[in-house]
Amino acid sequence: MAYLELDRVAKQFGAQTVVDDFSLSVGKGEFISFLGPSGCGKTTTLQMIAGFLDPTRGAIRLEGKDLTAIHPAKRGLGIVFQSYALFPHMTAAENVAFGLKMRNVPRGERAERVRAALAMVGLAGYEDRHPRRMSGGQQQRVALARALVIKPSVLLLDEPLSNLDAKLREEMQIELRQIQRTIGTTTILVTHDQNEAMSLSDRIVVMSQGKIEQIGTPQETYEKPASAFVSQFLGKTNDFPGMIDRVVSPTQLVAGSWRAPAPAGLGGPVTVSVRPERIGFADTGLSAKIVTRIFQGNHWLFQCDSECGPAIVIRQNDGKPQPAEGEAVRLTWRPEDMSVRGGASV
Amino acid sequence: MSMAADERNARAPWALTAPALMLFVGVLLIPLATTVMLSFHDWGQYKGIEPVFILKNWHEIATDPYYAEMFWRTFRVAILTTLLTALLGAPEAYILNRMSGRWKSFFLLVILGPLLISVVARTLGWALLFGGNNGLVNKLLMSLGVMRSPIPFMFTETGMIIALAHVMMPFMVLSVWAALQRLDPQIENAAMSLGAGPTTIIRRIIMPQIMPGVLSGAIIVFSLSASAFATPAIIGGRRLKVAATLAYDEFLNTLNWPLGAAVATLLLVALVLIVVGSNALIERRYAEVFR
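Protein sequence lines correspond, in order, to chains D and B.
With our numbering applied, the first sequence covers 126 to 471.
With our numbering applied, the second sequence covers 17 to 307.
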């Protein structure tokens, strides 16, 4: 049975629908990311789970109980805010202890749990620091400890890493994942950063304009995007116009000079979507000319002008010679590396 | 960089601040020094001011209980006014801050509006409402038979405090408002998610963070109330003199300038000591919130 369940949840502000028909069931211990551009409704959904907003329609259930009937202060969820929202007049230890005080945890146990929580996020010895005297990364850790120390049923993270610089963000991602694995708290992360969503989550909910575009594992959403939006949003992709030719036998999928056996049950014009790192140079295939070649250390990035429009190709830097700018090449890929969208069913 | 350029650079700040400095010295420091000097001069009904150095005025202030009572009243009124503005102004600013856009700007205007009207006009408003038998409110209440005699407001300390609090309220609200702007907009949600109820949030999270705002507002209100002239003059009249009205009377009615100067100097010194002292205390106590 689902641990946390959102059932056709919708939120309207006046005439504007911000979240629509949002259904999701989250298993216990799962790490879920809400991924989408700003204004897609991901934070609104999180705030409805937290209880800061009431859904216009639909139900939110935790272990089968209606969560929307419970006051936000009684839900027992741990929340890390984008701005951290630490209490500036309290020390790190007092910040972490606040939730325990509200739960009337006796003093001795409280001190022990605060110490353990701060140690877990790597801040042992920082107990008496005030938040304004700490770096962004340290404040972030205090916020995480404060949310986790109350042993929340669900941990909600609202873009927690977006205020950190790139290097620190990567470190925190790894650490966050390790902490979450260790304590096994069901976690929901809101982010607009696809790398963050992919490296942290068990499953990603890709959202656009208040609707769910796709729910799937990071691999699924990357390899088999359900819509053009998903394939564009999760990394770079090439979209080529193609055609399924059912006149010849066996039926063929054709994109420019590239052809392959057609998937069953489809016909007519389609869109062929291929990730840049899955395209290789070969003797046959889509004819193209290399416009620019950029060296990026561990890989090469080629921008090509193909007969089906612009194409991006990424090749591992394996030490072998690579085609030069202006060179005519043929682009090819394995049929299993593409996803085909559109096309009439036959 | 050459020595000449260094020297020029060192002189530049002085040259640039010179006009302001001269104005400051001319209209503030010199008159102030003259006033302090004046407080040591002698004065007599028939001989006028005598430029000698004596402690007569200071001795009189120190020994005559009339002055002690007057100064005590001045600071009592100022303290109670400050408490009243803090008690009403802080919640007012908090409520204002929670209002939505259009109402917020409207009520902010309502609160700041009185600053555009002269203090005298605002105080006279109170006199019109409660001034003896002819005050509007008194008349109404008496004609309705609710009261037999007018509400004692004019020439009472209570009336003075209420009128002063009304005049000073915008300073308190603005000061608390500024502190509220520094609050993380999610801080209440954060406290709520950790299990805190509305009263706990206000008491443990909001209050400590806006306290510096309340205290700096209190310093402004206190010093303005202690040195206020128009409101105590109109509401308190001759009966309830405070330091500012007493100094005024000595200067313009008794013509005993040296005594007036001594009263004014003592008020100034006391205020500076109180304000600087409490400011230092506040900054030390709330160092973490101020940073």
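From the three backbone atoms N, C-alpha and C, an ideal C-beta is built for every residue, glycine too.
Can you tell me where the alpha helix (DSSP H) holding residue i begins and where it ends?
i: B:Val279; result: 273–301
i: D:Val372; result: Neither: D:Val372 is in no alpha helix (DSSP H) and is coded neither H nor E.
i: D:Ile477; result: Since the first and last residues shown for chain D are 126 and 471, residue 477 of chain D lies out of range.
i: D:Val324; result: For the record, residue 324 of chain D in the displayed sequence is Ser; it is not Val. Looking at the DSSP string, the run of the alpha helix (DSSP H) that includes D:Ser324 is 319–325.
i: B:Lys120; result: 117–128
My assumption, with CB atoms under 8 Å, is that residue i sits in contact with residue j. Please give the rounded CB distance.
i: D:Gly487; j: D:Ser382; result: Because residue 487 of chain D is not part of the residues shown, which for chain D are 126 to 471, the question remains open.
i: B:Leu112; j: B:Trp193; result: 7 Å
i: B:Thr270; j: B:Leu180; result: About 25 Å; that fails the 8 Å criterion.
i: B:Trp12; j: B:Ala278; result: Because chain B spans 17 through 307 in this model, residue 12 of chain B falls outside it and cannot be assessed.
i: B:Leu275; j: B:Trp59; result: 7 Å
i: D:Leu456; j: D:Ala413; result: 5 Å
i: D:Asp86; j: D:Arg186; result: The structure shown does not extend to residue 86 of chain D, since chain D spans only 126 to 471, so no value can be given for it.
i: B:Thr215; j: B:Val52; result: Not a contact, Cβ separation roughly 51 Å.
i: D:Val205; j: D:Asp283; result: 7 Å
i: D:Phe406; j: D:Pro366; result: Their Cβ separation, rounded to whole angstroms, is 21 Å, which puts D:Phe406 and D:Pro366 out of contact at 8 Å.
i: D:Leu273; j: D:Gly203; result: 6 Å
i: B:Ser191; j: B:Ile127; result: Going by Cβ atoms, the distance from B:Ser191 to B:Ile127 rounds to 12 Å, so no, they are not a contact pair.
i: D:Gln319; j: D:Phe358; result: 6 Å
If you follow the beta strand (DSSP E) that residue i is in, where does it begin and where does it stop?
i: B:Asn269; result: Counting along the chain, B:Asn269 falls outside any beta strand (DSSP E), and DSSP gives it neither H nor E.
i: D:Pro435; result: 434–441
i: D:Glu296; result: First-last for D:Glu296: 291–308, but that is the alpha helix (DSSP H), not the beta strand (DSSP E).
i: B:Thr139; result: Looking at the DSSP string, B:Thr139 is not in any beta strand (DSSP E); the run it does join, the alpha helix (DSSP H), is 135–146.
i: D:Leu129; result: 129–138
i: D:Phe147; result: 141–151
i: D:Ser431; result: 424–431
i: D:Leu456; result: 453–457
i: D:Leu314; result: 311–316
i: B:Gly105; result: Counting along the chain, B:Gly105 falls outside any beta strand (DSSP E), though it belongs to the alpha helix (DSSP H) covering 81–114.
i: D:Ile404; result: Neither: D:Ile404 is in no beta strand (DSSP E) and is coded neither H nor E.
i: D:Glu111; result: Outside the modelled stretch of chain D, which goes from 126 to 471, sits residue 111 of chain D, for which no answer is possible.
i: D:Val395; result: 391–399
i: B:Lys155; result: Where B:Lys155 is concerned, there is no enclosing beta strand (DSSP E), although the alpha helix (DSSP H) it sits in stretches over 152–159.
Quick check on the burial criterion: 16 or more other C-beta atoms within 10 angstroms. Buried or exposed for residue i?
i: B:Arg198; result: exposed
i: D:Asn442; result: exposed
i: B:Lys257; result: buried
i: D:Val143; result: buried
i: B:Trp323; result: Lying outside 17 to 307, the shown extent of chain B, residue 323 of chain B is not represented and no answer is given.
i: D:Pro285; result: buried
i: B:Ala244; result: buried
i: D:Gln303; result: exposed
i: B:His182; result: buried
i: D:Ser158; result: buried
i: D:Tyr209; result: buried
i: B:Met17; result: Residue placement at B:Met17 is flagged as unreliable, the pLDDT there being 49, under the threshold of 50; a coordinate-derived value is accordingly withheld.
i: D:Gln421; result: exposed
i: D:Asp179; result: exposed
i: B:Gly211; result: buried
i: B:Leu297; result: exposed
i: D:Phe427; result: buried
i: D:Pro213; result: buried
i: B:Val93; result: buried
i: D:Ser235; result: Checking the sequence shown, residue 235 of chain D turns out to be Arg, not Ser. It counts as buried.
i: B:Thr247; result: buried
i: B:Thr90; result: buried
Please confirm whether any heavy atom of the ligand GTP lies closer than 7 Å to the CB of residue i.
i: D:Ala249; result: Questions concerning the ligand GTP fall outside what the structure shown contains, since it holds no ligand whatsoever.
Problem - the region 138–158 of chain D touching the region 192–208 of chain D, judged by at least three CB pairs closer than 8 Å - result: Touching, no, given that fewer than three Cβ pairs across the two stretches are closer than 8 Å.
Handout entry: Residues, ordered as in the chain, of the region 224–235 of chain D that lie near chain B by beta-carbon distance below 8 Å
Key = Residues passing the 8 Å Cβ filter: Gly224, Met227, Arg228.
Practice task
Decide yes or no for the touch test of the region 452–470 of chain D against the region 388–401 of chain D: beta carbon pairs closer than 8 Å, at least 3 of them.
Solution key: Yes, they touch.
Handout entry: Contact residues within the region 191–207 of chain B, judged by C-beta distance below 8 Å to chain D
Key = Residues of the region 191–207 of chain B with a C-beta atom less than 8 Å from some C-beta of chain D are Asp200, Pro201, Gln202, Ile203, Asn205, Ala206, Ala207, listed in chain order.
Practice task
Check whether the region 315–328 of chain D touches the region 337–345 of chain D, counting contact only when three or more Cβ pairs, one atom from each stretch, lie closer than 8 Å.
Solution key: Remark: three or more beta-carbon pairs, one from each stretch, lie closer than 8 Å, so the region 315–328 of chain D and the region 337–345 of chain D are flagged as touching.
Practice task
Would you be able to state if there are at least three C-beta pairs under 8 Å between the region 163–180 of chain D and the region 217–224 of chain D?
Solution key: No contact exists between the region 217–224 of chain D and the region 163–180 of chain D.
Exercise for the section: Mind the definition here: the region 228–245 of chain B touches the region 275–293 of chain B only if three or more C-beta pairs lie below 8 Å; say whether that holds. Expected result: Segments in contact, yes.
Practice task
Check each residue of the region 28–49 of chain B: if its Cβ is closer than 9 Å to any Cβ of chain D, include it; give the result in chain order.
Solution key: The region 28–49 of chain B vs chain D, Cβ under 9 Å: nothing.
Problem - Under 7 Å (Cβ pairs) to chain B, residues found in the region 169–183 of chain D - result: Going along the region 169–183 of chain D in chain order, one finds Ala175, Phe177 with a Cβ nearer than 7 Å to chain B.
Handout entry: Interface positions of the region 202–222 of chain D facing chain B (Cβ-Cβ less than 7 Å), listed along the chain
Key = Cβ contacts with chain B come from Leu202, Ile204, Phe206, Ser208, Ala210, Phe212, Pro213, His214.
Handout entry: Given 8 Å, three or more beta-carbon pairs between the region 121–133 of chain B and the region 160–176 of chain B
Key = In the pairwise beta carbon analysis, the region 121–133 of chain B is classified as not touching the region 160–176 of chain B: fewer than three pairs are separated by under 8 Å.
Handout entry: Members of the region 88–102 of chain B that neighbour chain D once the beta carbon cut-off is set at 8 Å
Key = Listed by position, the residues of the region 88–102 of chain B near chain D (Cβ gap below 8 Å) amount to none.
Problem - chain D contacts made by the region 54–88 of chain B, where a contact means CB separation under 7 Å - result: Contact residues of the region 54–88 of chain B toward chain D are absent (C-beta to C-beta distance below 7 Å).
Exercise for the section: Check whether the region 214–233 of chain B touches the region 137–147 of chain B, taking contact to mean three or more Cβ pairs, one atom from each stretch, closer than 8 Å. Expected result: The region 214–233 of chain B makes no contact with the region 137–147 of chain B: fewer than 3 CB pairs, one atom from each, lie closer than 8 Å.
Handout entry: Members of the region 187–199 of chain D that neighbour chain B once the beta carbon cut-off is set at 8 Å
Key = Taking 8 Å as the Cβ-Cβ cut-off against chain B, the residues of the region 187–199 of chain D that qualify are Pro197, Ala198, Lys199.
Exercise for the section: Mind the definition here: the region 267–279 of chain D touches the region 308–322 of chain D only if three or more C-beta pairs lie below 8 Å; say whether that holds. Expected result: Output reads yes: the region 308–322 of chain D touches the region 267–279 of chain D.
Handout entry: Contacting positions in the region 275–290 of chain D - beta carbon closer than 7 Å to chain B
Key = Taking 7 Å as the Cβ-Cβ cut-off against chain B, the residues of the region 275–290 of chain D that qualify are Ile275.
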